[in-house]
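Participant: Mind looking over this structure? Questions follow.
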Ligand SMILES: Nc1ncnc2c1ncn2[C@@H]1O[C@H](COP(=O)(O)OP(=O)(O)OP(=O)(O)O)[C@@H](O)[C@H]1O
Ligand SMILES: Nc1ncnc2c1ncn2[C@@H]1O[C@H](COP(=O)(O)OP(=O)(O)OP(=O)(O)O)[C@@H](O)[C@H]1O
Ligand SMILES: [Mg+2]
Ligand SMILES: [Mg+2]
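Residue numbers (the working numbering), protein chains in the order written: chain B, 1255 to 1478; chain X, 1255 to 1478.
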């Protein structure tokens, strides 16, 4: 379902090369895989490559059996829409859409009829405790509220793989716990959740933890 | 230096009124004041009012002796530039400026000569561990790196009052500790630091903690 082999990403800055990710190999089992590591260690880069937002400089990545590394941008977007949800580190809500419309957006792209998609979006907003704010726009919501709308949106298509980049960074303990339970609940059957977090207590709740350092996978630890 | 009396902010949504902040009164002593509370409890709203980004619906706020509640937008901006630094929850770096230029920007506004402002900006980037990334643009930096550039920028004018909204949310422990030490070091003499954080360990390092709930100040606790 989600597999990376010798994945690497390098950026060039004038005379300098930055190896954001190097030789990453991992076959993601079902359940929640937490990814931890210092700022700048390659976590977001890894998620972006696994979800096909970017192409690797080296290596291969397969999502739902599709070879993302060999696909063009539109094809990667298609695979992503069909199989993955993504919670961005910077939320990326569409500012001209309400909370409800943001959450419903993936469903709109998929061609789901309006009534059904609004029902689904409303149910998801309820799950993240924001049902009463469905008509509000991102600028009218707090940071943590925006983050939760982003999470609801990532779940809209009930994805096979959910990528979440720091989904609790702006949330207090209670709101963070609610989101974490949602993410853990998401990881059923064949589903995978890949969760980047700096919060080691959150990471400890995952089924396994991958630790990155300077763009390399330096430790894989299964939770007891 | 920083004083609020019966401060309130209310937003209107169609038929609904949201009281984001209610009857907040506090005279900020020197040192670090942490502000904690659940998502949506009014923390960012409070910071925005204290720093003059927004006008209160009720009450008064004084920054460096100036009555922000009674000033127009441009005057509030002038007071802020002269006396305060601000780290936004969403970082708000200028995407077309390099890290160095972002940090130097307040100095540019203040009319500091180029050589001096670049020296100052470079020194600040060194302090947050990003001296080697001065020429990179925000999109070329990780989330935590962007956050640290934002922090460096907030310190550019050595402000009397520093407002920091979740400055460590995207940072690992080591980077977060480095930033916290910077903020604690900032709070010398008459200076104030107002620090919003969900991280209770971070809050415990402040000189006092204010706790908000549903827009109200429900607890003030001095650290031992
Ligand atoms: N422009 C606005 N219009 C309407 N409501 C708003 C606006 N800005 C904030 N609010 C609402 O006011 C309340 C307080 O918002 P605020 O951003 O201060 O919360 P916060 O404590 O910073 O939350 P978080 O921890 O999630 O960042 C929230 O319910 C929010 O949705
Ligand atoms: N577009 C880019 N161009 C150049 N360098 C980049 C680019 N994107 C990321 N980098 C660099 O690659 C490294 C890894 O970045 P990445 O965003 O993956 O880190 P991260 O682990 O997510 O960090 P954080 O915890 O701060 O979010 C960093 O040094 C970053 O500055
Ligand atoms: Mg990141
Ligand atoms: Mg906030």
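We treat Cβ as the ideally placed atom computed from N, Cα and C, and that holds for glycine. Only a predicted model underlies this, so the values are computations on that prediction, with no experimental measurement involved.
Interface residues of chain X around residue 1425 of chain B at Cβ under 8 Å?
Facilitator: 1293, 1452
Participant: Between residue 1300 of chain B and residue 1278 of chain B, which are expected to be in contact by the criterion C-beta below 8 Å, what is the C-beta distance as a whole number of angstroms?
Facilitator: 6 Å
Participant: Quick one: give me the first and last residue of the beta strand (DSSP E) that residue 1423 of chain B is part of.
Facilitator: That residue, residue 1423 of chain B, is in no beta strand (DSSP E); it is neither H nor E in DSSP.
Participant: On the three-state DSSP scale, how would you describe residue 1315 of chain B?
Facilitator: strand
Participant: For residue 1446 of chain X, which three-state DSSP category applies?
Facilitator: strand
Participant: So, at 7 Å on beta carbons, what are the nonlocal neighbours of residue 1345 of chain B in its own chain, with the 5 sequence-adjacent residues on each side left out?
Facilitator: 1400, 1401, 1404
Participant: For residue 1399 of chain X, would you say it is in contact with chain B, using Cβ-to-Cβ distances shorter than 7 Å as the test?
Facilitator: yes
Participant: Examine ligand 2 and report whether any of its heavy atoms sits within less than 6 Å of the Cβ of residue 1272 of chain B.
Facilitator: yes
Participant: Report the CB separation of residue 1413 of chain B from residue 1337 of chain B in whole angstroms; it is logged as a contact under 8 Å.
Facilitator: 6 Å
Participant: Mind checking whether the beta-carbon of residue 1343 of chain B lies closer than 6 Å to any heavy atom of ligand 3?
Facilitator: yes
Participant: Counting only beta-carbon atoms, is residue 1352 of chain X nearer than 7 Å to chain B?
Facilitator: With 7 Å as the cut-off, residue 1352 of chain X does not count as an interface residue toward chain B.
Participant: Are the CB atoms of residue 1425 of chain B and residue 1383 of chain B nearer to each other than 7 Å?
Facilitator: no
Participant: Can you name, in chain order, every residue of its own chain whose Cβ lies under 7 Å from the Cβ of residue 1372 of chain B, other than the five neighbours on each side?
Facilitator: 1354, 1358
Participant: Find out if the Cβ-Cβ distance for the pair residue 1410 of chain B, residue 1360 of chain B is shorter than 7 Å.
Facilitator: Cβ distance < 7 Å, so residue 1410 of chain B and residue 1360 of chain B count as in contact.
Participant: Under DSSP, the alpha helix (DSSP H) around residue 1398 of chain X begins and ends at which residues?
Facilitator: Looking at the DSSP string, the run of the alpha helix (DSSP H) that includes residue 1398 of chain X is 1397-1408.
Participant: Using the beta-carbon count (16 or more within 10 Å), is residue 1477 of chain B buried or exposed?
Facilitator: exposed
Participant: Do residue 1447 of chain X and residue 1315 of chain X count as a contact pair if the criterion is CB distance below 7 Å?
Facilitator: No, these two residues do not count as a Cβ contact at 7 Å.
Participant: Just to confirm, does residue 1297 of chain B get its C-beta within under 6 Å of one of the non-hydrogen atoms of ligand 3?
Facilitator: yes
Participant: Tell me whether residue 1396 of chain X, by its Cβ, gets closer than 6 Å to a heavy atom of ligand 2.
Facilitator: Yes, since a heavy atom of ligand 2 falls inside the 6 Å radius drawn around the Cβ of residue 1396 of chain X.
Participant: Whose CA, out of X:1281, X:1307, X:1274, lies closest to the CA of residue 1294 of chain X?
Facilitator: Minimum Cα-Cα distance from residue 1294 of chain X among the listed residues X:1281, X:1307, X:1274 corresponds to X:1274.
Participant: Quick one: grab the DSSP three-state call for residue 1371 of chain X.
Facilitator: helix
Participant: Using a cut-off of 8 Å between C-beta atoms, extract the partners of residue 1287 of chain B located in chain X.
Facilitator: Correct list: empty, because the minimum Cβ distance to chain X is about 18 Å.
Participant: For a test of your reading of the model: does the CB of residue 1262 of chain B fall under 6 Å from any non-hydrogen atom of ligand 2? Yes or no.
Facilitator: no
Participant: With distances taken from CA atoms, which of X:1467, X:1381, X:1341 is nearest residue 1436 of chain X?
Facilitator: Among X:1467, X:1381, X:1341, the Cα nearest to that of residue 1436 of chain X belongs to X:1381.
Participant: What residues from the region 1326-1344 of chain X come within 9 Å of chain B, judged by C-beta to C-beta, listed N to C?
Facilitator: Of all residues in the region 1326-1344 of chain X, 1343, 1344 have a Cβ within less than 9 Å of some Cβ in chain B.
Participant: Under a Cβ-count criterion, where at least 16 other Cβ atoms within 10 Å of its own Cβ denotes burial, should residue 1290 of chain B be classed as buried or exposed?
Facilitator: Per the 10 Å Cβ criterion, buried.
Participant: Taking the C-alpha atoms as reference points, what is the distance between residue 1280 of chain B and residue 1464 of chain B?
Facilitator: 9 Å
Participant: Tell me whether residue 1440 of chain B is buried or exposed, calling it buried when 16 or more other Cβ atoms sit within 10 Å of its Cβ.
Facilitator: buried
Participant: Check whether the Cβ atoms of residue 1379 of chain B and residue 1385 of chain B sit closer than 7 Å, and answer yes or no.
Facilitator: yes
Participant: Please classify residue 1469 of chain X: is it buried, with 16 or more other beta-carbons within 10 angstroms of its beta-carbon, or exposed?
Facilitator: buried
Participant: Could you say which of X:1444, X:1442, X:1431 lies nearest to residue 1453 of chain X if we only look at CA atoms?
Facilitator: X:1431
Participant: Could you tell me which whole alpha helix (DSSP H) segments of length 4 or greater appear in the region 1256-1337 of chain B?
Facilitator: With a minimum length of 4 residues, the continuous alpha helix (DSSP H) runs that stay inside the region 1256-1337 of chain B are 1297-1304, 1327-1337.
Participant: Which term fits residue 1420 of chain B, buried or exposed, when burial requires 16 or more other beta carbons within 10 angstroms of its beta carbon?
Facilitator: buried
Participant: Can the beta-carbon of residue 1261 of chain B be found closer than 7 Å to that of residue 1319 of chain B?
Facilitator: no
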